[in-house]
Structure formats: structure tokens, C-alpha cells
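S.K.:
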């Protein structure tokens, strides 16, 4: 798993391998354009199948089955276990090498277009573009994870204790995750476009083993106050609620479940056309406990890593 934005730019062993595989595909591995998609390949870099990532499951299944058929036709010595030895890379391009913060948290983030049902609840939207789940991540540093436990993280909390979510965490969530990325890569919010984004944590339960908290907040993210042409106007207004918990003995977070729901409008960035007017969008957050390779893909906004961790800078 990886982000094509990094892979096609990095000048190292991993980048060379990716370009070798992509060059066998329909786009020819050109570094001036996107090479994103789903690739089936061998460990030595033979392309078995390719398909753009935004396709229906039936076509994806067909591509995987076709790739498996090609794999079975390869010589037995190529297919046997450990036929290809993959060592550590000899060269790593630090400009495009990203890793989750040591001792921090990885939060998986999923976004869906919604629509209201007859009972004024929500259901998955049926629309021409963006009716599937979009995936991103949120990274929280070790120090920020400690600050989430309150102004006195080593003290014994009491039910009813309350404190604000650290500004850097709340701002990072609002700017980079409260977006509609179901239709492509949207612009992230600037600090000037954060009209409201406060979040508060309140202790709801304290036991000898665990502390549980409730997160509540409202957000208003918009560029309507800026001199924008009508097609570029956009916004997202709603509420965010969550349940968090940490283990008292290890001081580690064991739960980080958030849901943000609100009305979104506008079509910003490299995206397909949006739904007319204001339409509901939901964003769900969940703690990654045991990371898989897919969980290590950097947040989209981490392409500018310095400002990702300092979201108040611009």
C-alpha cells in the first residue's frame, strides 16, 4: 500500500521499483501525471494486472482473478515461497519517506456522503459521484496523546472533569479530516476558514483500570466570507461527538471513536462535481491498535509534514 504522490516522486529504491511496475501499465509510468490505481504484481516487479482505484467491485474482482490466472502460468521456480529475496533498501529519499509518529496514535478516518431518511436520520447517499467510502488517516504525536489526558495527565481524574482538546489536534482534525474526499482530492481548510472548531473532553467514568471520556464539539468551516467566485464557495457545518478511553496502568489510549456529521457544500480541488446545494456528509474516526500496511499510508495532508504537525502556521 502507498500514496502515488510519494511513489512517483521519490528517488530511491522504492521509487525505482514503483516506476518499473507502473511503466508496464497503461500510463507508462510517467512521473508528470498520476500513476494511482490498484496493481497486482510479483515480488520481482512483473505487472500482472492494473485497474484504476475508483471502480466497482465486480471489475476489481475480475482484474484480481485475471492476475491470479497469469500468476499460475508463471514458472514454478518463480512462484515458490521465498523465490525472491527482498532486502532492506540501500537508498531512501528522506523528502518522501513518512512514518507514523513514534509513540503516537494512528487514527483511521472514513468519509461517506449521506442523505436524510424519512425519520430524519441518515443513510448512505445514492449519487452519481462519491457514493463509496473515502479513507484517510490522522496522526497524533506522543506528546499530544499525553495532553489529551488533560492539563494534569498524571493526576487521578474525576467524573465531570472537563478540558479542551489540544489546539493542534482539534485544528488538525478540522483542517485536514473534516473534508468531503469521497469524490477526489479536496482542498484542505486554511486557518482563516475555521470559523468554529472547538472540541471538549469530559470524564464520564473512572475505574481502577480505565478512564472513559466523551468528546463534544461543533465546527463551521467555510470560505463564504472570502471574495470567492460562486463556483468556488464551499463549507462544512456540523457537530462532532466521540468516546475515548485510556488504560490507567499503561497510560495508553484504547479507544478513540469519533463521528462528525454536518452539511457540506461546494466542489473544491481535484474532485468530481458535488451534489446540488447543501448535503450531509459523515466522517468516522477509529483508533488503529495493530497497524496493517494500509494503516501506515500517511495522511494526505502529511505531504507537507512540518505544517501537518504545526497546523496553526498557515
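Residue numbers (the UniProt record's numbering): 1 to 314. Glycine is no exception: its CB is placed at the ideal position from the N, C-alpha and C atoms. Computed from a predicted model, the values in this text were never measured in an experiment.
1. DSSP puts residue 162 in a beta bridge; with which residues?
2. If you draw a straight line from the C-alpha of residue 397 to the C-alpha of residue 289, how long is it?
3. Taking C-alpha atoms, which residue in 213, 8, 70 lies nearest to residue 383?
4. What is the DSSP secondary structure of residue 68, counted as helix, strand or coil?
5. How is residue 314 classed by DSSP in three states: helix, strand or coil?
6. Taking C-beta to C-beta, are residue 266 and residue 233 nearer than 7 Å?
7. If you draw a straight line from the C-alpha of residue 82 to the C-alpha of residue 304, how long is it?
8. Throw me the rounded Cβ distance for the residue 111 and residue 281 pair, which I believe falls under 8 Å.
9. Residue 26 and residue 171: beta carbons closer than 7 Å?
10. Is the number of C-beta pairs between the segment 28-47 and the segment 83-90 that are closer than 8 Å three or more?
11. Identify, in the order they occur along the chain, each residue of the same chain with its Cβ nearer than 6 Å to the Cβ of residue 153, setting aside the five sequence neighbours on each side.
12. Apart from the five residues on each side of it in sequence, which residues of its chain come closer than 7 Å, Cβ to Cβ, to residue 21?
13. Is there contact between the segment 66-79 and the segment 90-100, where contact requires at least three CB pairs shorter than 8 Å?
14. Please identify the residue among 238, 224, 157, 107 whose C-alpha is closest to the C-alpha of residue 202.
15. Determine, using beta carbons only, whether residue 224 comes closer than 7 Å to chain B.
16. Which whole runs of the alpha helix (DSSP H) in the segment 206-283 are 4 residues long or more, in chain order?
17. Secondary structure at residue 41, three-state DSSP: helix, strand or coil?
18. Could you tell me which residues DSSP pairs with residue 122 in its beta bridges?
19. Taking the straight line between their C-alpha atoms, what separation do you get for residue 5 and residue 294?
20. Near residue 67, which residues of its chain fall below 7 Å by C-beta distance, leaving aside the five closest residues on each side in sequence?
21. Short of 6 Å in beta carbon distance, which residues of its chain neighbour residue 176, apart from the five on each side in sequence? Order them along the chain.
22. Hey, how far is the Cα of residue 279 from the Cα of residue 264?
23. Which residues does DSSP list as the beta-bridge partners of residue 185?
24. I need the straight-line Cα distance from residue 237 to residue 183, nearest angstrom please.
M.R.: Looking at the atomic coordinates:
1. 202
2. Outside the shown range of the chain (1 to 314) lies residue 397, about which nothing can therefore be said.
3. The requested residue 383 does not occur in the structure, where the chain is confined to residues 1 to 314.
4. helix
5. coil
6. yes
7. 37 Å
8. 7 Å
9. no
10. yes
11. 146
12. 39, 41, 45, 47
13. no
14. 157
15. Absent from the structure is chain B; it holds one protein chain and no more.
16. none
17. strand
18. 116
19. 15 Å
20. 40, 48, 49
21. 188, 301
22. 5 Å
23. 270
24. 19 Å
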